[in-house]
Every structure is written in C-alpha cells, then in structure tokens.
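See structure below.
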C-alpha cells in the first residue's frame, strides 16, 4: 500500500476508530500506550476492560496510570488472568479497589484471583468491599474452606463464614483461637447457625412485625420450623408456602408426604429433589402426571440405571442443567449413564480426562455436546462448529470466541448461507476470498457486516474506505491487517 493510500480520510470518526485500535490484536505496544493518553480517553474502556490480551508494558502503564478510571477498567477485565487484575489490589483510590472486589460482573464467570491477592484483600479491605468480593465468584471454594486454618488471623476470621461446611474440629479450633477477633467471628457464626436451628426462636422472628418479605422467606426456606408454624402454613396456604415446606430440611415426614400429594407441580418437583425422600414417595412421584416431576425423580442418586430407565422422564434437547457453583460435583461415572441429564452434569467439568471428553463429544444427546463444547478447554474443534450449527440458545456466540474454534474453510462453506447467524461463520475465515469478504461488508445483517470488516482478508482499499464509515470505522480500525502507518495516522488525526 502506498503512502498516499494510507492517508487518513478526512471524514473519519476518530473516537470510534480509537476504540477499534484499542481492540486490534495486531496493534503494537507503542500504539496502545498512546491510547492511554488523555486525548484518547474515549478508548480507555475498550483498551483496559475489553481487550483480550495486554502486553506486559501496557499493563505496567495501566497500573501506574494517573486516572483511576483506567486502573478500575483493568480490575474488571474478564479476559486477563486474575494475577493481572490483582495488581491494583493496593490502589490508593477506593473505587478501583471496589471494582476489583466486584469483579468483571455477573454476566461472565470470572477467573479466580490468586491466593496472595485474596489474602491481601482480606487483610486490608473493609466490610463493604469484602462483601462484594464474597459475591463476586472470584474466590475459589477451596480457599474459603482453608481460610479457617490460615496463619493470618484476619483470614481465619473470614474462614468462619463457611461454618456449616467446616468439620467439628475446625469449628472447635476457631472457637478456641488465640485471637479475640477470630473467636468473636466464630461465636457469631455459631450463634447464627444455632438460632436458625432453633424452631422456637424462628417462630418468634416470624411473628415480629419486621419479619416480612425476604426475612420471612429466608426463615421458611432455610431455617428449622416449629410444628405450629408448619400447621399454620398448611392451613393458610399462601402463595409459595407449600413450596417452602417442600424445600425446608426440617419439614416433618408426614407433612412432606402430604405436600407431595396436594402441592402444585412446582412444589412436587421440589419434593422430588429432597435428599431425605423415603422410597414410597420416590415411587409415587416417579408416576406423577407432570413430566418435570418425573424427570426430577429420575436423576435421584439412589436409583439404579434400570430404575431410572423405568421412569417416563422428558429431557429437552438443549436444556441447561443447573449444577450450582461446583462444576466438579457430578461423579465421573455418570459420564457412562444412560440418563442424558446425568451425562450433562458431568459435561460441565472443565477438567475431565481426555477419554471422557472424547466419549461425551460423540454423545447422542445434543445437550451433552453443547455443554461440553462451552465448558471444556479441550473440546474438539469439530464439536465446537457442530454445536454452533445445531444450537440457537443461550451463549451460542460464546463458541465463536473459543481458541479451538475451527475457522479454516468456513468462507467457502457458509459465505452464501441463508441464515445470517450461519453466514457469520464465513467472516471468521482468515483465508477467505477477499471478494467474498468485500461483499459481506455490505451484508443486510449488521453483525455480519461488522465481523466482515474485521476479517484480515478484506481488500486494503475497502478497509481504508470503511475507516471513514460512521457505522463501521471502529471495526475497520480493529482489523489486524490495518497497516501500522494507518494506525499512527489515526492517532494523529485531529
């Protein structure tokens, strides 16, 4: 490309182009460092919070940047390792520390922070920040369990927070800790748990004038209930009361049996999930007229494979199985179960051995294949493409950003597909026919247009032309084939 060809168009929309430069995977460190200057503040969020890879010298500059907005954006970047985000753990500005405690947000599952960063937070942060950290999903559960025996007292104090999961020996050690703050924390947790297991105390709370709304629901769902409260719930039958009885661990067996027969389908499904369900109720609910109730019964751990097969359960092809916060909890033996929901639970495990990855990748159930593709880092490339083509539900597009997603040959296969979501695949092929990529930049679908502009096979003249396009200048500036001279010209444009 000649020097005349790389001249920046006068009509360029520079703020959008600067954001594109910030996301350009080929942008050199000196360009990224320029974008940290005050003149390019419009690109700070794209660079610090949304860029997938940051060179070491750029991270250094962000951490040392005078503006807290820059440092706070790094603290919430979901793509960089926790070690990188953790570099702002001692930031002088409260808001930056708060962003680190909040994490990337609830829409993404963040990478865990390293132990030394978590330890620093629990020894220097205040209650509000620590409360945010507790709900941010950035602290691995193993750390929370081990905190009870940590050599630092402030962290042992935090370790009392998982009281119900601690062994009796660890609880006793916390109650006898040499540090008064640790003992006080343990005593508070013991008192809290003891109170919630005291039916008379919970009844008193329910009858106070301030125990409405969430406070009432918490007691009914999670705490020990007196027989008087249980009988009252059975008489009054307010919305949700039977469901609470179906869920509550302390509900008497005769009431559980009654609720299993008179509750609505949602309530009966909750009964079917109880750990302490007697066999006669298991058999009863296995014949329930509601298919979701039967399905909930069919995955109970005490059933044999033959007994599961005898239940008339129903599994939606792409149903997402909720496994809570522990993707490692399903027994690996369930990978060979005849029940697809049990195999789906195993497929969430990102550390499955290669043998089971191969087995589940060829599973006849689409839900198993999709969950494996979305959660296992070694899912086969051909599986990722197959799942994208078969699945139109939640997180479908996440597959496209996975490192193992196959891109070679996609343009020839899908460049003229009728479905724009399938046509989008063609824009991922770096060896696509430049003429096809040019055509796709004029596609009627905005997502296809934007993705095509980022394709490195886009003809250089068309790429330069699109730098001046109000809609697509950001995408053009993010194209990895954008010449460095043009990058510098974009930064120097008025």
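Numbering (the working numbering), first residue to last: 1 to 494.
Note that CB positions come from ideal geometry on N, CA and C, so glycine has one too.
- Between residue 415 and residue 436, the C-beta gap is smaller than 7 Å, which places the two residues in contact.
- Under the three-state reduction of DSSP output, residue 446 falls in the helix class.
- When the five nearest sequence neighbours on each side are left out, the beta carbons in the same chain lying within less than 6 Å of the beta carbon of residue 298 are those of 308, 311, 313, in order along the chain.
- Straight-line spacing of the CA atoms in residue 353 and residue 340 works out to 19 Å.
- Nearest to residue 452 by C-alpha distance, out of 461, 430, 468, 470, is 430.
- Under the 10 Å beta carbon count, residue 128 is surrounded by fewer than 16 other beta carbons and is classified as exposed.
- For secondary structure counted as the beta strand (DSSP E) over 3 or more consecutive residues, the segment 167 to 201 holds no complete run.
- The beta carbon of residue 206 sits closer than 7 Å to the beta carbons of 216, 219, 229 from its chain, once the five residues preceding and following it are set aside; these are given in chain order.
- Spatial neighbours of residue 255 in its own chain (CB-CB distance under 8 Å, excluding positions within 5 residues in sequence) are listed in chain order as 230, 234, 245.
- The alpha-carbon separation between residue 427 and residue 386 amounts to approximately 17 Å.
- Just so you know, the alpha carbons of residue 333 and residue 269 end up roughly 25 Å apart.
- Apart from the 5 residues on each side of it in sequence, residue 257 sits with its Cβ closer than 7 Å to the Cβ of 281 in its chain, given in chain order.
- The alpha-carbon separation between residue 100 and residue 70 amounts to approximately 12 Å.
- Less than 7 Å divides the Cβ of residue 103 from the Cβ of residue 110.
- Contact between residue 88 and residue 96 is confirmed by a C-beta separation of about 5 Å, below the 8 Å threshold.
- Put simply, of 251, 289, 288, 261 the residue whose alpha carbon is nearest the alpha carbon of residue 274 is 251.
- For the 7 Å CB-CB criterion, residue 487 and residue 31 form a contact.
- Note that the C-beta distance between residue 56 and residue 36 is not below 7 Å.
- In this structure, DSSP gives residue 25 a state outside helix and strand, which the three-state scheme calls coil.
- When DSSP states are grouped into helix, strand and coil, residue 339 belongs to the coil group.
- Under the three-state reduction of DSSP, residue 217 is assigned to helix.
- Taken through DSSP and simplified to helix, strand or coil, residue 391 comes out as coil.
- Within the segment 107 to 149, the complete alpha helix (DSSP H) segments of 4 residues or longer fall at 115 to 124, 127 to 135, 141 to 146, listed in chain order.
- Taking the C-beta atoms as reference points, residue 288 is found nearer than 7 Å to residue 294.
- Residue range 153 to 159 is occupied by the alpha helix (DSSP H) that includes residue 158.
- Sixteen is the threshold: since fewer than 16 other Cβ atoms of the shown chains lie within 10 Å of the Cβ of residue 142, the residue is exposed.
- DSSP, read as helix, strand or coil, puts residue 466 in helix.
- Runs of the alpha helix (DSSP H) lying entirely within the segment 260 to 305, each at least 4 residues long, are 265 to 272, 279 to 286, 291 to 298 in chain order.
- Boundaries of the alpha helix (DSSP H) around residue 474: 473 to 477.
- Non-local C-beta neighbours of residue 65 in its own chain, meaning closer than 8 Å and more than five positions away in sequence, comprise 36, 71, ordered along the chain.
- In this structure, the alpha-carbon of residue 33 lies about 10 Å from that of residue 47.
- Distances from the CA of residue 381 to each of 472, 405, 221, 360 were compared; the closest alpha carbon is that of 405.
- Between residue 389 and residue 402 a beta carbon distance of about 15 Å is seen, past the 8 Å cut, so the two are scored as non-contacting.
- For residue 343, same chain residues with a beta-carbon under 7 Å away, outside a window of 5 residues either side, are 334, 335, 337, 360, 363, 365, 368 in chain order.
- Annotation: residue 277 to residue 253 spans about 8 Å, alpha carbon to alpha carbon.
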